[in-house]
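Residue numbering for the sequence shown follows numbering that gives the first Met the number 0, beginning at 0 and increasing consecutively.
By construction, the Cβ of each residue, glycine as well, lies at the ideal position given by its N, Cα and C atoms.
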Amino acid sequence: MENYYAEAFRAFLQSLNKSPHTVKQYVNDAKQFEKFLDEESFRDQFQDGLKAYINHLYTHYNTANSVNRKLAAMRAYLEFLYSRKYIDSYNETLLEPVAKKVTKLFALTECELRQVLDCWHNLYKIAQTEEHAWLAMRNLTITYAIAMLGIKPAELVKMKWSHINENEMTIHIMERSTYRTLDLPEKLLEILLQYKQETEMFFSQLEQIDDVWLGVGNKLGEPITVKTVERVFLQMSQLLGFKVTCTNLRYTVIEMYMQQEETDDLFEKFGYARKGVLIERHKRLLKEE
């Protein structure tokens with residue numbers, strides 16, 4: 000009978016035009032609940048079984064997001080069972096979402112920021128091969144682009160030379176299906192142009208290069224991915240002896256701007272859809288002691 004309930008639930012969700020992913024996950028959760036009732040001998044003690052199952056979720060899932068997703072599926076399933084009179088009642092208070100723990104965000108100190116900006120420049124000066132020199136220049140330029148524009152890694156890897164307008168000193172930053180135009184700092188343009196010149200020399204076999212960030216090794220000449228950017232910052236953390244990520248470098252930029260400008264002028268600059276999201280991020284920023 001329990002499989003009948005879950006399959007009826009599937010048909011119900013499909014009638015509501017729920018996404019295939021949601022239907023699959025919710026039905027799987029419904030089947031998991033039904034299986035629990037049978038294996039733990041709660042089939043004839045539904046209310047006790049529901050309580051035990053919710054405790055089971057708290058025990059086996061470590062994050063609030065995971066638990067809340069399961070609870071959302073259970074709310075939908077139990078509401079379905081109740082509306083079809085498959086069950087007489089259920090304790091809704093057991094299904095209240097778990098409060099998410101607000102994690103602290105850390106910006107870099109002034110000293111750390113200076114070390115971050117100097118890191119690849121120092122490696123560039125002592126590079127002993129053409130490839131090592133070019134890689135250091137690429138990584139230096141990546142670091143400066145994030146530090147000066149405050150962009151996300153997913154936006155960084157979409158940068159193209161054709162997005163830069165040297166006459167107007169602007170750059171288009173691509174998002175999912177749109178873009179925003181940012182002022183291009185003179186210092187960043189200087190570094191970008193030096194990097195472009197060295198890239199054209201290093202990849203002389205390529206006729207035209209529009210993608211700004213290219214790979215080496217088995218990805219020679221291909222656009223890099225977010226994973227590559229993350230590896231650049233992991234290597235920098237190992238070199239410097241403290242953790243630096245694309246995210247905390249970006250938040251360092253946000254913090255500096257928030258101290259100088261109005262929020263209304265900044266949330267779009269940093270790619271936030273709503274001003275409230277930027278305010279919430281800023282409240283979570285704490286300097287590391």
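Quick one: residues in its chain with C-beta nearer than 8 Å to the C-beta of LYS286, no 5 flanking neighbours on either side, listed in chain order?
In the sequence shown, counting from the first residue as 1, residue 286 sits at position 287. Only weak support exists for where LYS286 lies, its pLDDT of 44 falling under 50; the value from the coordinates is given anyway. Hits under 8 Å: PHE105, ALA106, THR108.
In or out: ARG137 buried (at least 16 other Cβ within 10 Å) or exposed?
Walking along the sequence shown from the start, residue 137 turns up at place 138. The residue in question, ARG137, is buried, as its Cβ has 16 or more Cβ neighbours within 10 Å.
The alpha helix (DSSP H) spanning THR180 covers which residue range?
Translated into the one-based positions of the sequence shown, residue 180 becomes position 181. THR180 -> not in any alpha helix (DSSP H); beta strand (DSSP E) instead, spanning 178-182.
Beta carbon of LEU188: closer than 7 Å to some heavy atom of the ligand HEM?
No copy of the ligand HEM occurs in the structure displayed, which carries no ligand at all.
Pick out whichever of LEU77, LEU56, GLU39, HIS59 has its Cα sitting closest to the Cα of ALA29.
Working through the sequence shown from its first residue, we reach residue 29 at position 30. Per the Cα distances, LEU77.
State the DSSP-derived secondary structure class of MET168, mapped to helix, strand or coil.
As a first step, residue 168 must be located in the sequence shown, where it is residue number 169. The three-state secondary structure of MET168, taken from DSSP, is coil.
Sort VAL22, PHE35, HIS162 by Cα distance to GLU6 and report the nearest one.
Within the sequence shown, the letter at position 7 stands for residue 6. Selected option, being the one with the closest Cα: VAL22.
Apart from the five residues on each side of it in sequence, which residues of its chain come closer than 7 Å, Cβ to Cβ, to ILE145?
Stepping through the sequence shown from its first residue, residue 145 is reached at position 146. Counting only Cβ-Cβ distances below 7 Å, and skipping sequence neighbours, we find LEU155, CYS245, LEU248, ARG249.
For LYS69, is the classification buried or exposed, using 16 other Cβ atoms within 10 angstroms of its Cβ as the cut-off for buried?
As a first step, residue 69 must be located in the sequence shown, where it is residue number 70. Classification of LYS69: buried, given that the 10 Å Cβ count is 16 or more.
Rounded to whole angstroms, what's the CA-CA distance from HIS162 to ASP182? Just pull it up for me.
Looking up residue 162 in the sequence shown gives position 163. Looking up residue 182 in the sequence shown gives position 183. HIS162 and ASP182 have their C-alpha atoms some 12 Å from each other.
Which value, in whole angstroms, describes the spacing of the CA atoms of PHE201 and HIS131?
Here residue 201 corresponds to residue number 202 of the sequence shown, with the count starting at 1. Here residue 131 corresponds to residue number 132 of the sequence shown, with the count starting at 1. Using only the alpha carbons, I get a separation of about 11 Å.
Indicate whether LEU213 and THR198 have their beta-carbon atoms separated by less than 8 Å.
Here the question's residue 213 lines up with position 214 in the sequence shown. Here the question's residue 198 lines up with position 199 in the sequence shown. Going by C-beta atoms, LEU213 is nearer than 8 Å to THR198.
For ALA272 and HIS171, I'd like the C-alpha separation in whole angstroms.
Stepping through the sequence shown from its first residue, residue 272 is reached at position 273. Stepping through the sequence shown from its first residue, residue 171 is reached at position 172. Low confidence applies to ALA272: its pLDDT is 47, below 50, so where it sits in the model is not reliable, and the reading given next is rough at best. Computed Cα separation, rounded: 17 Å.
Return the residue from the list ARG113, GLY48, HIS59, LEU134 that minimises the CA-CA distance to GLN234.
For the purposes of this step, residue 234 is taken as residue 235 along the sequence shown, with counting starting at 1. Of the listed residues, the one whose Cα sits closest to GLN234 is LEU134.
Go ahead and pull the three-state DSSP assignment for ALA10.
Residue numbering aside, residue 10 sits at position 11 when the sequence shown is read from its first letter. Helix.
Rounded to a whole number of angstroms, what is the C-alpha to C-alpha distance between LEU15 and TYR25?
In the sequence shown, residue 15 corresponds to position 16, counting from 1. In the sequence shown, residue 25 corresponds to position 26, counting from 1. If I take the Cα positions, the gap works out to 13 Å.
Output the boundary residues of the alpha helix (DSSP H) element that contains ALA144.
Looking up residue 144 in the sequence shown gives position 145. Per DSSP, ALA144 belongs to the alpha helix (DSSP H) from 129-148.
I'd like to know if LEU94 contacts chain C, where contact means its C-beta is closer than 8 Å to some C-beta of that chain.
Reference to chain C is not applicable here, since this structure consists of a single protein chain.
Suppose you measure from the CA of GLN31 to the CA of ARG230; what does that come to, to the nearest Å?
Mapped onto the sequence shown, residue 31 falls at position 32. Mapped onto the sequence shown, residue 230 falls at position 231. Each residue's Cα considered, the two are about 38 Å apart.
Find the nearest neighbour of GLU167 within the set LEU188, TYR4, LYS157, ALA153, judged by alpha-carbon distance.
Counting from 1 along the sequence shown, the entry for residue 167 is found at position 168. Closest by alpha carbon: LEU188.
Cβ pair LYS120, LEU139 closer than 8 Å:
Your numbering for residue 120 matches position 121 in the sequence shown. Your numbering for residue 139 matches position 140 in the sequence shown. First, the amino acid is wrong: residue 120 is His here, not Lys. Cβ distance < 8 Å, so HIS120 and LEU139 count as in contact.
Hey, quick one: how far does the alpha helix (DSSP H) through THR198 stretch, first residue to last?
What you label residue 198 is simply residue 199 of the sequence shown in a count that begins at 1. Segment 185-201, the alpha helix (DSSP H) holding THR198.
ILE53 bridges to which residues according to DSSP?
Position 54 of the sequence shown holds residue 53. Answer is none; ILE53 lacks a bridge partner.
Looking only at its chain, what residues have a beta carbon closer than 7 Å to the beta carbon of LYS159, apart from the 5 residues adjacent to it on each side?
Position 160 of the sequence shown holds residue 159. For LYS159, where only same-chain residues beyond five positions count, the Cβ hits under 7 Å are ASP209, ASP210, VAL211.
On the premise that ALA51 lies in contact with GLU39, defined as a C-beta separation below 8 Å, what is that separation, rounded to the nearest angstrom?
For the purposes of this step, residue 39 is taken as residue 40 along the sequence shown, with counting starting at 1. For the purposes of this step, residue 51 is taken as residue 52 along the sequence shown, with counting starting at 1. Going by Cβ atoms, the distance from GLU39 to ALA51 rounds to 6 Å, so yes, they are a contact pair.
Counterpart residues of GLY214 in DSSP-defined beta bridges
The residue given as residue 214 occupies position 215 in the sequence shown. Paired residues: LEU219.
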